[in-house]
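From first to last, the protein sequence lines are chains A and B.
Each residue of the first sequence is one higher than the one before, starting from 0 at the first, in numbering that gives the first Met the number 0.
Each residue of the second sequence is one higher than the one before, starting from 0 at the first, in numbering that gives the first Met the number 0.
All residues carry an ideal CB built from backbone N, CA and C; glycine is no exception.
Step one of this worksheet: look at the structure below.
Protein chains: 2
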Amino acid sequence: MGAESVWSVDPRTGEPRGDRRVAEASGPVAVDAAVRAAHAALPALADRARRAALLRAAAERLHAAAPELVAAADAETALGDVRLTGELARTVFQLRYFADLVDRAAEPGGFLDIRRDSADPGLTPPRPDLYRVKLPLGVVGVFAASNFPFAFSVPGGDTASALAAGCPVVVKAHPDHPETSERMAAALREAAREVGLPEGTIGLVHGFESGPELVRHPLLAGVGFTGSPRGGRALFDLAAARPRPIPFHGELGSLNPVLVTEAALAGAGAGAGTSAAEELAHGLVGSFTLGMGQFCTKPGLVLVPAGAAGDAFEKAVADAAAQARTGVLLDARMREAFLGGFARRAGLADVQTVAPAGPAPTPETPLAVRPGVLSVPAASALRGSHEALLEECFGPATVLVRYADPAEADAVLSRLDGCLTATLHTPAADPDAAALLAVLARFAGRVLFGGWPTGVAVADAMHHGGPYPASTSTATSVGATAVERWLRPVSFQTVPEELLPR
Amino acid sequence: MGAESVWSVDPRTGEPRGDRRVAEASGPVAVDAAVRAAHAALPALADRARRAALLRAAAERLHAAAPELVAAADAETALGDVRLTGELARTVFQLRYFADLVDRAAEPGGFLDIRRDSADPGLTPPRPDLYRVKLPLGVVGVFAASNFPFAFSVPGGDTASALAAGCPVVVKAHPDHPETSERMAAALREAAREVGLPEGTIGLVHGFESGPELVRHPLLAGVGFTGSPRGGRALFDLAAARPRPIPFHGELGSLNPVLVTEAALAGAGAGAGTSAAEELAHGLVGSFTLGMGQFCTKPGLVLVPAGAAGDAFEKAVADAAAQARTGVLLDARMREAFLGGFARRAGLADVQTVAPAGPAPTPETPLAVRPGVLSVPAASALRGSHEALLEECFGPATVLVRYADPAEADAVLSRLDGCLTATLHTPAADPDAAALLAVLARFAGRVLFGGWPTGVAVADAMHHGGPYPASTSTATSVGATAVERWLRPVSFQTVPEELLPR
């Protein structure tokens with residue numbers, strides 16, 4: 000039996016891109032070979048200067064290959080040149096950012112988190128000389144996401160942070176962009192060769208079955224995952240069920256609620272001749288339709304006051320959504336899930352369609368869709384039958400939940416699963432603002448005061464994670480502390496200075 | 000059906016202590032009540048000054064109650080007044096140590112790990128104003144260990160670090176010291192009352208069934224466990240299988256190998272008229288019999304060179320072990336497992352009994368046992384049939400594994416599961432020393448150069464953990480960074496200064 004072929008598919012039409020058989024699905028032998036090659040690269044990666052050089056060389060090569068990479072990614076994802084050019088720049092920035100963190104790893108505040116204690120026999124218990132440092136965990140499996148073919152894929156944050164930590168990676172390619180994945184893996188391997196590291200430092204596997212195979216491999220030491228709750232939970236369960244369980248850092252989805260107070264809707268906006276409500280409505284539509292709503296931080300539920308001010312806001316959202324661009328989703332399965340999910344929610348009792356999502360075919364993009372907005376009274380959203388409204392609908396849709404009083408808004412918020420973000424729109428002078436932020440922080444990993452959650456900065460103080468299912472751990476997948484996921488501390492006791500690991 | 004009674008048992012005789020029915024086994028209703036009371040205490044614990052006050056008040060009360068606590072613990076564990084007095088002092092120190100960490104939590108290097116980024120719209124992607132801080136996880140379940148009735152029980156490191164983080168705790172009492180547990184929980188609750196915190200801040204449950212019940216409770220946010228691989232893994236699996244999985248920080252056992260090189264055995268010792276080999280032998284016997292071998296850091300396997308120098312060391316170990324004190328194990332089940340485990344290992348082919356473990360009854364302590372030592376050639380220890388020799392035997396026993404050359408020693412080390420500690424005895428001038436330390440660091444969380452692994456300092460640079468099964472996570476259960484287990488980061492984006500959480 001020959002290996003299954005991996006095809007590149009045009010999401011605008013749903014058709015395979017000519018005869019482009021990109022790769023073979025990786026069977027157990029191929030997965031084993033990739034993990035073993037990565038494991039063999041572990042000692043070479045102990046050299047921090049070389050790790051930093053690898054990250055910079057990778058950034059250089061991806062930057063140089065931008066035109067081809069963006070073209071390949073657009074052909075496979077339909078995300079468009081502008082967005083993809085920006086995403087690649089972000090990915091290049093991220094690789095350099097982690098290289099800088101490697102340079103500073105041993106300094107105070109650096110990720111080696113070095114701590115020293117001198118001997119003190121007078122303490123209870125007595126204290127010996129101790130030196131604590133963090134060492135790489137081992138081979139990391141990275142599951143690429145569909146929605147960010149660069150920034151959360153082969154050369155994305157999981158890979159960059161793992162390499163920074165000194166961990167070789169084996170990436171499970173996302174089937175929505177196999178050609179882009181192959182091109183990026185080739186660039187990373189060339190970068191490894193250039194700086195004198197084994198090519199096995201970066202492995203790439205394809206095909207559905209390669210995922211579980213990778214997670215079960217005895218030499219795998221940790222997993223980074225971005226994807227759906229179902230797929231992520233299945234792999235999390237496999238990681239936990241291993242004879243020796245390994246850390247599984249998965250980002251499985253998020254509703255990203257927004258709480259808009261009555262006061263936030265009052266008065267004039269910042270722009271000339273627009274109201275605050277109109278500006279918020281435009282901001283919301285821009286955010287939930289960004290990248291065709293295929294952001295893990297898409298605001299999927301907006302708590303809006305009942306009454307006249309909220310009605311005006313809802314009307315403004317309807318107007319803005321009517322002008323939103325149509326577009327193509329990442330693959331036909333997602334399109335179906337989106338259209339079906341929207342229709343199912345729209346059909347629930349008391350749910351009003353503010354803007355109808357639906358097919359919007361053109362000759363070039365027969366699979367295009369139109370964004371949609373629903374509205375429902377909070378009392379109805381709280382009914383067991385309406386649970387779907389409190390769950391993520393991946394794609395360009397959001398749900399306005401109209402609350403009669405703060406207690407009702409609170410009741411909705413306390414029903415939500417863990418989220419990556421939660422956003423509050425209220426004036427800074429609102430006496431309840433601090434308490435509302437505390438409520439949002441209970442279930443979210445990033446709390447915004449104003450603004451919109453889409454767009455995640457690569458920064459020291461960023462946290463991109465949150466209570467389950469936003470994340471399966473307390474770690475972040477973006478920003479400086481993402482490196483911590485791939486390290487484990489070791490204390491060295493009464494070891495002579497010259498024998499301590501550098 | 001009435002609730003099952005919890006009895007206090009005298010380990011010296013195996014008999015219940017008179018009619019001392021200490022408590023009732025906690026059914027689902029009692030566990031639920033404890034977790035709910037703890038959850039209700041969460042907001043009050045947000046006040047850091049009060050948390051520090053609680054830890055100090057608890058230290059004060061335990062210190063004041065030392066005579067009664069030591070007497071109760073000795074009656075239930077037979078660990079002896081000297082050891083228990085020291086352990087209680089350590090526990091008191093630890094509570095104050097964590098109080099000091101709470102005082103400094105918001106400072107640079109403090110456990111809130113506050114990070115700030117100012118807005119920079121020129122970056123790709125643009126960076127907003129960000130403030131990252133760590134918040135308490137929620138209610139923590141603590142599973143007390145048998146072997147440290149103070150330091151790893153009700154008021155131990157898990158409880159102290161969880162309270163420091165702002166997390167209320169529900170402790171599952173160890174059945175080997177229920178009376179001591181009740182006394183300590185009462186002291187902690189009085190301390191809570193004294194500083195104006197709800198008594199529900201510290202819950203206590205008893206009985207086998209209360210453990211799984213606790214781990215499955217929807218309001219539980221994390222678990223700290225110290226105990227056996229079997230029990231720990233079962234609870235780990237439950238934590239992972241929850242609808243919303245929670246972090247499970249378990250310490251499940253450790254072999255703690257010691258590698259003695261030929262050079263370490265050569266020449267005179269530090270003392271007058273003793274050889275290096277004799278001193279090492281005395282050190283080893285002191286370490287593996289400490290607390291009747293019931294330390295998670297007990298050296299359970301010692302790699303000793305084949306040949307004359309190793310023979311002399313083995314002889315010295317036999318002499319020292321023959322003079323080691325007999326004593327009582329924590330309970331009759333452990334005694335049986337120890338004697339059975341030793342006999343099973345002693346009966347394997349090529350295994351020599353250097354010192355025979357066995358019953359050593361006296362009229363006052365009919366259940367006392369004598370420590371034991373085995374010796375086996377490395378080539379035999381590596382056989383599949385001899386796997387038990389490479390696994391922990393809880394109690395006062397150790398195994399000398401005689402290696403013919405460094406490759407054989409390496410083969411044994413690479414067969415071992417993850418360990419809390421690994422110790423190297425070789426001169427600092429040994430040209431292979433750094434490489435040997437690196438080998439040990441691959442599978443251990445604390446690497447010692449000289450000395451013995453028993454005794455774990457409560458210190459900033461301590462790491463008490465290690466690859467599975469030494470720990471089920473990459474975290475430590477002792478030292479400053481133990482607090483990190485009970486916190487999760489949250490980023491606040493463009494939140495006005497005055498609205499940020501303190």
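Proximal residues of chain A, C-beta to C-beta of residue i below 8 Å
i	result
Q492(B)	R445, V446, L447, F448 and G450
L258(B)	By Cβ distance, chain A contributes nothing, its closest Cβ being about 14 Å from L258(B), past 8 Å.
R414(B)	Chain A residues near R414(B): none, gap ~13 Å exceeds 8 Å.
G85(B)	T123 and P124
T475(B)	P488
Proximal chain B residues relative to residue i, where beta-carbon distance stays under 9 Å
i	result
F147(A)	Under the 9 Å cutoff, chain B gives no residues; its nearest Cβ is about 12 Å from F147(A).
R243(A)	D416, G417, P466, Y467 and P468
T76(A)	Result: empty, since nearest Cβ-Cβ is about 18 Å, beyond 9 Å.
Chain-ordered chain B contacts of residue i [CB-CB under 8 Å]
i	result
M461(A)	D116, L129, R131 and S490
Check whether residue i and residue j have beta carbons under 7 Å apart
i	j	result
P298(B)	S286(B)	yes
V168(B)	T158(B)	yes
S470(B)	E193(B)	no
A118(A)	D128(A)	yes
A184(A)	L203(A)	yes
P177(B)	S7(B)	yes
G199(B)	A37(B)	yes
A387(B)	A354(B)	no
A164(B)	P135(B)	yes
E277(A)	S374(A)	no
V284(A)	A336(A)	no
P495(A)	R131(A)	no
E181(B)	V21(B)	yes
V398(B)	L302(B)	no
A396(B)	G417(B)	no
Which of helix, strand or coil DSSP assigns to residue i
i	result
K133(A)	strand
T420(B)	strand
M0(A)	In this predicted model, M0(A) has a pLDDT of only 45, less than 50, meaning its place in the structure is not dependable; the value taken from the coordinates is given anyway. Here M0(A) sits in coil by DSSP.
E106(A)	coil
K297(A)	coil
A267(A)	strand
W451(A)	coil
V494(B)	coil
H173(A)	coil
P405(A)	helix
V477(A)	coil
L373(A)	strand
S7(A)	strand
F97(B)	helix
D318(B)	helix
Contacts that residue i makes with chain B (C-beta to C-beta distance below 7 Å)
i	result
R35(A)	Ordered by position in chain B, no residue passes the 7 Å Cβ test against R35(A), which lies about 15 Å from the chain.
P10(A)	None at all; the shortest Cβ gap to chain B is about 24 Å.
A72(A)	Neighbours of A72(A) on chain B: none; closest Cβ ~17 Å, over 7 Å.
Cross-chain neighbours of residue i in chain D, by beta carbon under 9 Å
i	result
L436(B)	Among the chains of the structure shown, chain D does not appear; the protein chains present are A and B.
Cross-chain neighbours of residue i in chain A, by beta carbon under 7 Å
i	result
R126(B)	A456 and A458
Expected contact under 8 Å - CB spacing of residue i and residue j to nearest Å
i	j	result
L419(A)	R441(A)	Rounded, the Cβ-Cβ distance is 14 Å, inconsistent with contact.
V138(A)	L237(A)	In fact, because the Cβ distance is near 16 Å, the residues do not count as touching under 8 Å.
A40(B)	P197(B)	4 Å
L415(B)	P256(B)	6 Å
A408(A)	A377(A)	7 Å
Chain-ordered neighbours of residue i on chain A, where CB pairs are closer than 9 Å
i	result
A440(B)	L134, V489, F491 and P500
P246(B)	S472 and T473
T225(B)	Here the premise fails: no neighbours, minimum Cβ distance about 17 Å.
Chain-ordered residues of the stretch 87 to 113 of chain A with a beta carbon less than 7 Å from chain B: A88, R89 and F92
Interfacial residues, the stretch 419 to 435 of chain B to chain A, with Cβ spacing under 7 Å: A427, A432 and A433
Residues, ordered as in the chain, of the stretch 152 to 166 of chain A that lie near chain B by beta-carbon distance below 8 Å: none
Positions along the stretch 322 to 340 of chain B whose CB lies within less than 9 Å of some CB in chain A: none
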